[in-house]
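>
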Amino acid sequence: MERLRLRATGRFFRYCSNRSLFDPRLNTNSENSIHNSTSGYAHGFGKNCRDFHFFSDNHKWNVRTCFGFLRYQGETFRDSTEKGLLEKTRRFQYRGFGSLAAKVHRNPSFSTLNSDDISYFKEILGEKGVIEDEDWLATANTDWMHKYKGSSKLLLQPRSTEEVSQILKYCNSRCLAVVPQGGNTGLVGGSVPVFDEVIVNMSLMNNIISFDKVSGILVCEGGCILENLIAFLDNQGFIMPLDLGAKGSCQIGGNISTNAGGLRLVRYGSLHGNVLGLEVVLADGNVIDMLGTLRKDNTGYDLKHLFIGSEGSLGIVTKVSILTPPKLFSVNVAFLACCDYFSCQKLLMEAKRKLGEILSAFEFLDSKSLDLQVLNHLDGVRNPLPPTMHKFYILIETTGSDETYDRQKLEGFLLHAMEAGLISDGALAQDINQASSFWRIREGIPEALMKAGAVYKYDLSLPVEKMYDLVEEMRTRLSDSANVVGYGHLGDGNLHLNISTAQYDDGILTQIEPFVYEWTSKHRGSISAEHGLGLMKANEIFYSKPTATVSLMASVKKMLDPKGILNPYKVLPHSLSS
530 MERLRLRATG
540 RFFRYCSNRS
550 LFDPRLNTNS
560 ENSIHNSTSG
570 YAHGFGKNCR
580 DFHFFSDNHK
590 WNVRTCFGFL
600 RYQGETFRDS
610 TEKGLLEKTR
620 RFQYRGFGSL
630 AAKVHRNPSF
640 STLNSDDISY
650 FKEILGEKGV
660 IEDEDWLATA
670 NTDWMHKYKG
680 SSKLLLQPRS
690 TEEVSQILKY
700 CNSRCLAVVP
710 QGGNTGLVGG
720 SVPVFDEVIV
730 NMSLMNNIIS
740 FDKVSGILVC
750 EGGCILENLI
760 AFLDNQGFIM
770 PLDLGAKGSC
780 QIGGNISTNA
790 GGLRLVRYGS
800 LHGNVLGLEV
810 VLADGNVIDM
820 LGTLRKDNTG
830 YDLKHLFIGS
840 EGSLGIVTKV
850 SILTPPKLFS
860 VNVAFLACCD
870 YFSCQKLLME
880 AKRKLGEILS
890 AFEFLDSKSL
900 DLQVLNHLDG
910 VRNPLPPTMH
920 KFYILIETTG
930 SDETYDRQKL
940 EGFLLHAMEA
950 GLISDGALAQ
960 DINQASSFWR
970 IREGIPEALM
980 KAGAVYKYDL
990 SLPVEKMYDL
1000 VEEMRTRLSD
1010 SANVVGYGHL
1020 GDGNLHLNIS
1030 TAQYDDGILT
1040 QIEPFVYEWT
1050 SKHRGSISAE
1060 HGLGLMKANE
1070 IFYSKPTATV
1080 SLMASVKKML
1090 DPKGILNPYK
1100 VLPHSLSS
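So that you can map any letter, position 1 of the sequence shown is 530 in this note's numbering, and since no number is skipped, the others follow by simple counting.
1) In three-state DSSP terms, what is E1059?
2) Roughly how many whole angstroms lie between the Cα atoms of E1047 and K881?
3) Taking C-alpha atoms, which residue in M674, V659, F650 lies nearest to Y985?
4) Could you give the uninterrupted runs of the alpha helix (DSSP H) lying entirely in the stretch 799-837, keeping only those of 4 residues or more?
5) Please classify E926: does DSSP put it in a helix, a strand, or coil?
6) Could you spell out the range, first to last residue, of the beta strand (DSSP E) harbouring K848?
7) Determine the direct distance from the alpha carbon of D908 to that of A735, and round the result to whole angstroms.
8) Looking at the structure shown, is I660 part of a helix, part of a strand, or coil, going by DSSP?
9) Going by C-alpha distance, which of V810, I746, T847, I781 is nearest R824?
10) In terms of residues, what are the limits of the alpha helix (DSSP H) holding D1110?
11) Judging by CA-CA distance, which residue of L914, L1064, G1020 is the nearest neighbour of I952?
12) According to the Cβ coordinates, are E808 and T847 closer than 8 Å?
13) Pull up the DSSP beta-bridge partners for D998, would you.
14) Pick helix, strand or coil for G625, following the three-state DSSP scheme.
15) Assuming F921 and C867 make a contact with CB atoms under 8 Å, what is their CB distance in whole Å?
16) Enumerate in chain order the residues of its own chain whose CB-to-CB distance from P855 is below 8 Å, with the five nearest sequence positions on each side excluded.
17) What three-state label does DSSP hand K1051 in the structure shown?
18) Report buried or exposed for P1097, applying the criterion of at least 16 other Cβ atoms within 10 angstroms of its Cβ.
19) Would DSSP call C753 helix, strand or coil?
20) In angstroms with no decimal places, state the Cα-to-Cα distance between L857 and T641.
21) Strictly by DSSP, which residues pair up with F1044?
22) Are the beta-carbon atoms belonging to I1026 and G1015 less than 8 Å from one another?
23) Pick from A949, E948, E972, T928: whose alpha carbon is nearest that of L899?
24) Using only alpha-carbon positions, find the residue among S872, V910, F891 that is nearest to D954.
25) Between I1094 and A669, which are expected to be in contact by the criterion C-beta below 8 Å, what is the C-beta distance as a whole number of angstroms?
26) Output the boundary residues of the beta strand (DSSP E) element that contains T1078.
27) If you measure between the beta carbons of G752 and G782, is that distance less than 8 Å?
28) Assuming contact is defined by CB atoms lying nearer than 8 Å, are I1056 and S1073 in contact in what I supplied?
29) Can you name the residues that DSSP bridges to G791?
30) Might you give, ordered along the chain, the residues of its own chain that have their beta carbon closer than 6 Å to the beta carbon of T1049, omitting 5 neighbours on each side?
31) Looking only at its own chain, which residues have a Cβ that is under 7 Å from the Cβ of A1011, when we skip the five neighbours before and after it?
32) Look at I738 and F761 and say whether their C-beta atoms are less than 8 Å apart.
33) Near D1090, what residues of its chain come up, given a Cβ to Cβ distance below 6 Å and the 5 sequence neighbours on each side ignored?
34) Can L654 and L684 be called in contact, C-beta distance under 8 Å?
Take a look at the structure:
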C-alpha cells in the first residue's frame, strides 16, 4: 500500500489560479467566452489522455491522466446548463405544456392596457424605459425552451426602487397584471407572461452597492447578472455561494425569487442560508426594507424567507445582501466511472466522510446522458474514459486552501474507493483545461438534449437511494418511444429527469404525467427541487404540499397581493389564485 501511495502521489492533480473573470474570454456573454467551473475556473476542452496504471497486490486501477495545455477551439459557449442555447438549438413550435394551456383562463378582473397607461409609464421611466418594439417583446414573451409564449404588449425597465414602486402602485390601482422578469432563464414558465401581463424587466438595476472584505457581505441590486457578481468577487478574493450554468444571463434577484440551487449547494447550502437581507417592493408599491447585513438578527419574524423562492408572486426583489465565502485556490477535479447506482451512493457516503470540508461538488450522470446526448450533439467533447462506456459517471470537485493536505485527502479517498470496488475507471484533471472539459460534459447535457429534439424536463428531490429507480421505471413505461436520461446533483438528492423525443407529443406526455408526480409523492419527494413551480407545476403543488399548507400560502398571497396582480397563474393552484 505504501508503494501504491508513493507512485500515486505525483499523479493527483491540483491547480491554482488568480486569473480575473473580467477577462473577456471568461465572460460567457463575450464573443470569445469559455465556461467556468463551480470554483470559478475556466472550462476548456480536453483532447489527449494517456493511461497510467496503479498497482497494489490485489488491485489494478487504470487512471487516465490527461496532459498538455489545450487550446480553446473558438466556439462560443454561452450558458450550457439552463440558458443561452437559442443560437445553436433546434427551433420548436410554440405550445403550452401539455393540456395545461387549455386549463388556464385569463382573469377577467384584470384590466387591459391602454394608451393612458403607456403615457404614464413614459412619464416616470422616460421613452427608453418603455419598450413596445415587437421583436424585443417577442423575445421577452417567450421562455428559452420555447414552450411558453405570452402576448404582452409592454415591457418596462425601471432603474431604481422608486421607479419599481411607482410602476406597481399604478398597476395595482388599475388592476394591471405584472410579470417580474430577470434573465428569463427559467424552465417552468415562471418568468414570461401567460396572457397580456405587463413585463417589468430588472436588467437596468444592476449596480453593486457595497462589499465588505472583512465580513464578505455583498450588497447589490436585483438586476445584477450572476456572472458579473462572480467576476467582481473574484477580483476581491471571494466567490458567490451560488453557481449555475445560466450565470451569464440569470440575475441575482431572479435567483433569489426561485431559490436557485446549482452546483455549490453541497458545499455552501441554499440561498435561505446565504441571503442576509432583501429590499422588496410589494404589489401596492410599498417598499419593504429588510436589507440587513447582520448574520444574527433574531428580532421578530424573518420575513425575507417569504420572498426567497416565491417566484415573484409576493413582491419584486430590488436589492440583496448576501454572504460570500472567500475564494480558495487548491482545486481538484476527478471524473470517475461506476458500474452500478449502488456504487454511486456508496461513493457519495465515502466522499462525505473522507473529503469532508473540501468537497465542493458531487455530480452524477448516466451512460445515456454521455453517450446518446453529450458525445453525439456537442462539438469538441470527448469521452474522458475511452473506449468503454460505463453505466454511471461521477464528477467530484474539491476546493481547499492547502494543496498538500487536499491532495493527500483526495488520494486517500480514491485509493480507498478503488480497493472497495466502487470505481471501475477514472480520470484526474492535470490542468485547468482538463478540469474544464470534465465540467463541460456535466454542464453540457441540457444543451445536448435541446439539440437532440423535444425534451420534457423534471426537477425532482428524492431520497438518494430512490433517485434512479424513477429513471428505470420511466424507461420501462415509455419503452422505445423516448430516450430517458438521468443526471443531477447527487450530493443534494436532486434528480434531473429528462425525456427526449423527436417532437412534442401529447400521447407521450400522458405517459409521463401525472405518473412522475405520483411516483415522486409516493416516495416523499418534491416535484420541484430548484426550478420552481411556475406555470408548469402550479396545479401539481398538492403532490408535495398538504392542503392546509397550500391554503396558508394562498392566505399569504391574498394578504400581500389582494388583487393578485403579481405573476398571476404561477406557483399556486389556479383554483386558489384566481
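For each residue, glycine too, the CB sits at the ideal point set by N, CA and C.
Well, looking at it:
1) coil
2) 31 Å
3) M674
4) 800-803, 833-836
5) strand
6) 845-852
7) In the sequence as displayed, the identity of residue 735 is Asn instead of Ala. Distance between the alpha carbons of N735 and D908: 34 Å.
8) strand
9) I746
10) Nothing can be reported for residue 1110: it is not among the residues displayed for the chain, which extend from 530 to 1107.
11) L914
12) yes
13) In the DSSP output, where bridge partners are listed per residue, D998 has none listed.
14) Because G625 sits at a pLDDT of 40, beneath the cut-off of 50, its placement in the model cannot be relied upon, and the point is left open.
15) 4 Å
16) G745, G766, F767, I768
17) helix
18) buried
19) coil
20) 53 Å
21) Answer is none; F1044 lacks a bridge partner.
22) Here residue 1026 is Leu; the residue named in the question, Ile, does not match the sequence. Going by C-beta atoms, L1026 is nearer than 8 Å to G1015.
23) E972
24) S872
25) Not quite, the Cβ-Cβ distance comes to about 18 Å (not below 8 Å), so this is no contact.
26) First-last for T1078: 1076-1089, but that is the alpha helix (DSSP H), not the beta strand (DSSP E).
27) yes
28) yes
29) In the DSSP output, where bridge partners are listed per residue, G791 has none listed.
30) L989, I1056
31) I1028, S1029, T1030, I1037
32) no
33) A812
34) no
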